[in-house]
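A short worksheet on the structure shown next.
Residue numbers (this note's numbering): 232 to 559.
Following this line, the structure appears as structure tokens:
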């Protein structure tokens, strides 16, 4: 494909998140927003007027008019819509989770591989500026602690907290740890809904790395924090504040101009160096959609591939099923 040619793209589902896909795709230079399809006519009309884009009265018409589709529907429709798109040789961006089951995800990836189309999954936290601020560091964490807490809201409560919130951090952890999952221990509770509202998972990897992840939608305040420990380095990220901090142990005097804290009497030749990497200001959703467009053009590869999305789903399902088994 000619890198200068615009990608004709449509959006399927223009609810709470889908409207932002429309907003960004209407502005990305390499994309040509063809139109939208949603089962809710009121939402269709509102989005059409706001972004001066066409409403399609059926999904197939939109698919046939595009090179690529952004699928922003409830999870239970992901597989069916993605399959329809891929069978028409269209590239797909699928909001997380990739599908509702591993069998569906495997089918999507098989079809995409046979058709040679791009599948990208919307694990947006992988592009969080506070996480990307660590790109210049060599990260080999041996212990990771993650918290993702949110005040209760009725929107999205039909989805278990593991597949709604925790899957973000599962994806991040799987990207950070270059090893296979060995064992998982998980527990959780249903408090406000018939689904799991709070969950904790302890994931041990083959190389010995441990990740402890807690997610809750029954919290007083929003919390999105990650701490990672490795040999001679400790990293902390506050995703909400956009704050990234690094503590490194160095021998003798640290780099000039950096805060240094001497260690105890037995380690006089070492210091703790505090660094605060610059966190860039950009919209992660726009960045991942731009990455999708550039991947179609052959300029790069998806930051979160379909296989990445499948692996995050696999771990999330294991955790959720373990919790459900204990609750019953």
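Glycine included, C-beta positions come from ideal geometry on N, C-alpha and C.
Rounded Cβ spacing between residue i and residue j (contact assumed at less than 8 Å)
| i | j | result |
| --- | --- | --- |
| residue 398 | residue 543 | 5 Å |
| residue 382 | residue 426 | No, residue 382 and residue 426 are not in contact; Cβ-Cβ is about 17 Å, not under 8 Å. |
| residue 481 | residue 506 | No, residue 481 and residue 506 are not in contact; Cβ-Cβ is about 11 Å, not under 8 Å. |
| residue 357 | residue 402 | 6 Å |
| residue 440 | residue 372 | 6 Å |
| residue 259 | residue 521 | 5 Å |
| residue 313 | residue 339 | 5 Å |
| residue 329 | residue 541 | 6 Å |
Pick from the options that is closest to residue i, judged by C-alpha positions
| i | options | result |
| --- | --- | --- |
| residue 545 | 335, 458, 465 | 335 |
| residue 180 | 353, 317, 368 | Here the chain has residues from 232 to 559 only, and residue 180 is not among them. |
| residue 471 | 417, 452, 307, 534 | 452 |
| residue 469 | 510, 431, 449, 532 | 510 |
| residue 378 | 370, 393, 372 | 393 |
| residue 533 | 295, 297, 337, 353 | 353 |
| residue 395 | 409, 408, 405, 380 | 380 |
| residue 449 | 430, 438, 345 | 430 |
| residue 410 | 365, 531, 436 | 436 |
| residue 224 | 257, 235, 366 | The chain is shown only over 232 to 559; residue 224 falls outside these bounds and no answer can be derived. |
| residue 384 | 423, 541, 557, 343 | 423 |
| residue 337 | 462, 363, 309 | 309 |
| residue 464 | 503, 556, 345, 341 | 503 |
| residue 235 | 529, 446, 556, 558 | 529 |
| residue 462 | 364, 341, 345, 368 | 368 |
| residue 438 | 557, 412, 454 | 412 |
| residue 296 | 320, 343, 501 | 320 |
| residue 343 | 315, 558, 291 | 315 |
First through last residue of the beta strand (DSSP E) which encompasses residue i
| i | result |
| --- | --- |
| residue 546 | Segment 537 to 558 is the alpha helix (DSSP H) holding residue 546; no beta strand (DSSP E) there. |
| residue 300 | 299 to 302 |
| residue 280 | First-last for residue 280: 272 to 282, but that is the alpha helix (DSSP H), not the beta strand (DSSP E). |
| residue 268 | 262 to 268 |
| residue 326 | 322 to 326 |
| residue 464 | 464 to 469 |
| residue 332 | Run containing residue 332: none; DSSP gives neither H nor E here. |
| residue 416 | 412 to 420 |
| residue 510 | Residue 510 -> no beta strand (DSSP E), and no H or E assigned at all. |
| residue 352 | 350 to 353 |
| residue 374 | 374 to 380 |
| residue 478 | 474 to 482 |
| residue 445 | 441 to 447 |
| residue 458 | 454 to 461 |
Residue span of the alpha helix (DSSP H) that contains residue i, given as start and end
| i | result |
| --- | --- |
| residue 361 | 360 to 363 |
| residue 254 | 249 to 256 |
| residue 433 | Counting along the chain, residue 433 falls outside any alpha helix (DSSP H), though it belongs to the beta strand (DSSP E) covering 429 to 436. |
| residue 317 | 309 to 318 |
| residue 288 | Note, residue 288: premise wrong, no alpha helix (DSSP H); not H, not E. |
| residue 404 | 398 to 407 |
C-beta contact flag for residue i and residue j at 8 Å
| i | j | result |
| --- | --- | --- |
| residue 421 | residue 428 | yes |
| residue 355 | residue 457 | no |
| residue 255 | residue 474 | no |
| residue 550 | residue 333 | no |
| residue 322 | residue 527 | yes |
| residue 311 | residue 248 | no |
| residue 289 | residue 265 | no |
| residue 415 | residue 553 | yes |
| residue 370 | residue 459 | yes |
| residue 331 | residue 525 | no |
| residue 324 | residue 523 | yes |
| residue 263 | residue 237 | yes |
| residue 408 | residue 361 | no |
Contact with chain D by residue i, beta-carbon distance below 8 Å
| i | result |
| --- | --- |
| residue 455 | Considering every chain present, this structure includes no chain D. It has just one protein chain. |
Discussion item. Closer than 8 Å is the cut-off here; do at least three beta carbon pairs connect the stretch 274 to 284 with the stretch 297 to 310?
Written reply: no
Per the contact definition of three or more C-beta pairs closer than 8 Å, is the stretch 341 to 356 in contact with the stretch 525 to 537? Short answer: they touch.
Q. Is it true that the stretch 238 to 247 meets the stretch 265 to 276, where meeting means three or more beta-carbon pairs spaced less than 8 Å apart?
A. yes
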